[in-house]
Amino acid sequence: MQIGEVADRTGLSLRTIRHYEEVGLVVPSARTKGGFRLYTVADVDRLMVIRRMKPLDFSLEEMRDLLSITDRLSADEPLEEAEHKRLRERLDTYRKVADARCETLRAQLMAAEDFAATLRRRLGPQG
1129 MQIGEVADRT GLSLRTIRHY EEVGLVVPSA RTKGGFRLYT VADVDRLMVI RRMKPLDFSL
1189 EEMRDLLSIT DRLSADEPLE EAEHKRLRER LDTYRKVADA RCETLRAQLM AAEDFAATLR
1249 RRLGPQG
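Be aware that the sequence shown starts at 1129, since it is given in my numbering, and climbs by one per residue.
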């Protein structure tokens, strides 16, 4: 896929996808003879992981680290048991952080919905 189709599939802008490439989070799998970026389904999946991390305020470095962990865990080459365990523990740490940040966002959403309901009540039935 070319970058425009990837943007459509992911909901990310071309500029954002290029930025993620510049900072090393995703690398196009290939380029055409004309130099156009070509992406695979795996590249799109990687961008979707990044997209899902963004609202949870993960830094670029944290994104890079998490992607590195998942890359190592899904690599074809076998890992030593200690390395596998260490990577799983790091991945679980990211899961716990994501869970905590989701809970914070839920609390913020509840407060925002309560505020919106208060405004609706103040407007009354004519609102």
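Glycine included, C-beta positions come from ideal geometry on N, C-alpha and C.
C-alpha distance - residue i paired with residue j, whole-angstrom precision
{"i": "residue 1142", "j": "residue 1249", "result": "42 angstroms"}
{"i": "residue 1135", "j": "residue 1254", "result": "43 angstroms"}
{"i": "residue 1176", "j": "residue 1139", "result": "9 angstroms"}
{"i": "residue 1161", "j": "residue 1173", "result": "25 angstroms"}
{"i": "residue 1192", "j": "residue 1211", "result": "18 angstroms"}
{"i": "residue 1189", "j": "residue 1147", "result": "14 angstroms"}
{"i": "residue 1187", "j": "residue 1223", "result": "15 angstroms"}
{"i": "residue 1144", "j": "residue 1156", "result": "14 angstroms"}
{"i": "residue 1198", "j": "residue 1240", "result": "35 angstroms"}
{"i": "residue 1227", "j": "residue 1221", "result": "10 angstroms"}
{"i": "residue 1150", "j": "residue 1163", "result": "16 angstroms"}
Endpoints, alpha helix (DSSP H) assigned at residue i
{"i": "residue 1224", "result": "1209-1251"}
{"i": "residue 1134", "result": "1131-1138"}
{"i": "residue 1170", "result": "1169-1181"}
{"i": "residue 1204", "result": "Premise fails: residue 1204 is in no alpha helix (DSSP H) and is neither H nor E."}
Residue i versus the options, residue with shortest Cα-Cα distance
{"i": "residue 1165", "options": "1191, 1183, 1130, 1202", "result": "1130"}
{"i": "residue 1158", "options": "1151, 1168, 1150", "result": "1168"}
{"i": "residue 1185", "options": "1240, 1239, 1233, 1132", "result": "1233"}
{"i": "residue 1195", "options": "1242, 1170, 1207, 1133", "result": "1170"}
Cβ separation of residue i and residue j, assumed to be a contact under 8 angstroms, to the nearest whole Å
{"i": "residue 1153", "j": "residue 1178", "result": "6 angstroms"}
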